[in-house]
Amino acid sequence: MEYRKLGSTGIEVSVVALGCWPFAGDSNWGPQDDTESIATAHAALDAGINFFDTAEGYGGGKSEEVLGKALAGRRAEAIIADKVSGSHFREADMIASCERSLKLLGTDYIDLYQLHWPDRVVPTDEAMATMEKLKQQGKVREIGVCNYGVGDMNDLFSGHSAVTNQLPYSLLWRVIEHEIQPMCLQKGMGILCYSSIQQGLLAGKFATPADVPDGRARTRHFGSHRAGVRHGEAGCEAETFAAIDRIREIASDVGQPMALVSLAWLLAQTGVTSVLAGGRRPDQVIENVRAAELTLKPPVIEALTEATKEVKAALGTNPDPYQGAANTRYR
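Taking numbering that gives the first Met the number 0, the leading residue of the sequence shown gets 0, the next gets one more, and so forth.
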């Protein structure tokens, strides 16, 4: 397993992190047995993964609770990234949220505490002041943010700082490369990648747009005729599935599964610290770990980049996967 510094800190995290949202067993993932979740976390530790990402919003604390049980007796081996929801950015609420998360996790500190989304009610300065207070108290080691665009990062760095920005980033979602990635590099922020295999599209699960269930066909790749879509755009289904076909060919030439090749490409991108890969079973974790061991040759990386350039162009500069430019949650 390869390890990289968490932003500008001395904390070293595995380049593949275990995304623990599935532990919640909520409507997003379906029923999940706690025993299997715990076994999955143990398999991750045994395979060299030391980075675990959760949030208070994942199942109303269920993910945190199960992760805490899994790390009982092994806390020293793990780096925990947790998130506070925007509805809890007021000082009293954030302090209460942090205390609740610490209790559920069975620990007295969170390694990386993140603002889950920018809030348009509580000013960034106020939220960050509380985060810094928690850090001073030793309840938080480092501060990160999630889904912060250039406008929100400008607000953040006007009086504060954060070591990471957790963002959607994959071969099929390269929008952050336009503006956000360069700014993260400028500010010394590590990039943590979620939706790294684009909800299964980069695992080769679906041959055509029609094969993708409505619940997974809500991003701006898909047309507004799909159920649950709220971006109001035409989508770029033809470009997306042409790219998937080309990625599949490249992966076949390399002799590796599409998902692993896609993760390895992501790990080769400038500024990326770690990719979050969700896991519900130990065997899934073992498979994801192989991405950290796969080094793609430069011509392969270039071919994958070329294969997805039309998707990148079609999606434009709006970093929001689900909302159109008029209603984007980024600024």
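Beta carbons are placed, not taken as given, at the ideal position from N, Cα and C, and that holds for glycine.
These numbers were taken from a predicted model, which means no experiment stands behind them.
When secondary structure is reduced to three states using DSSP, residue 54 falls in the coil class, being assigned neither helix nor strand. Residue 264 and residue 127 have their C-alpha atoms spaced approximately 33 Å apart.
When rounded, the separation of the alpha-carbon atoms in residue 38 and residue 281 is 6 Å. Residue ranges of uninterrupted alpha helix (DSSP H) with 4 or more members, entirely inside the segment 237 to 314 and ordered along the chain, are 257 to 266, 281 to 288, 297 to 306 and 308 to 314. Between the alpha carbons of residue 257 and residue 135 lies a gap of roughly 44 Å.
Judged by DSSP secondary structure, residue 37 falls outside any beta strand (DSSP E) and instead within the alpha helix (DSSP H) spanning 33 to 45.
Look at the beta carbons and you see the segment 200 to 215 not touching the segment 268 to 277: under three pairs across the two are nearer than 8 Å. Excluding its 5 nearest sequence neighbours in each direction, residue 67 has C-beta neighbours in its own chain below 6 Å: 103, 104 and 105, listed in chain order. In the structure shown, the three-state DSSP call for residue 192 is strand. DSSP lists 80 and 141 as the bridge partner or partners of residue 111. In the DSSP assignment, residue 103 falls outside any beta strand (DSSP E) and within the unbroken alpha helix (DSSP H) covering 90 to 104. Taking the CA atoms as reference points, residue 300 sits about 21 Å from residue 286. In the three-state scheme derived from DSSP, where H, G and I count as helix and E and B as strand, residue 129 is classed as helix. Rounded to the nearest angstrom, the gap between the Cα atoms of residue 9 and residue 77 is 15 Å. Straight across, the Cα-Cα distance linking residue 308 with residue 236 is about 14 Å.
Sorting 230, 75, 170 and 92 by C-alpha distance to the C-alpha of residue 197 places 170 at the top. Cβ atoms of residue 131 and residue 5 stay farther apart than 8 Å, at about 17 Å.
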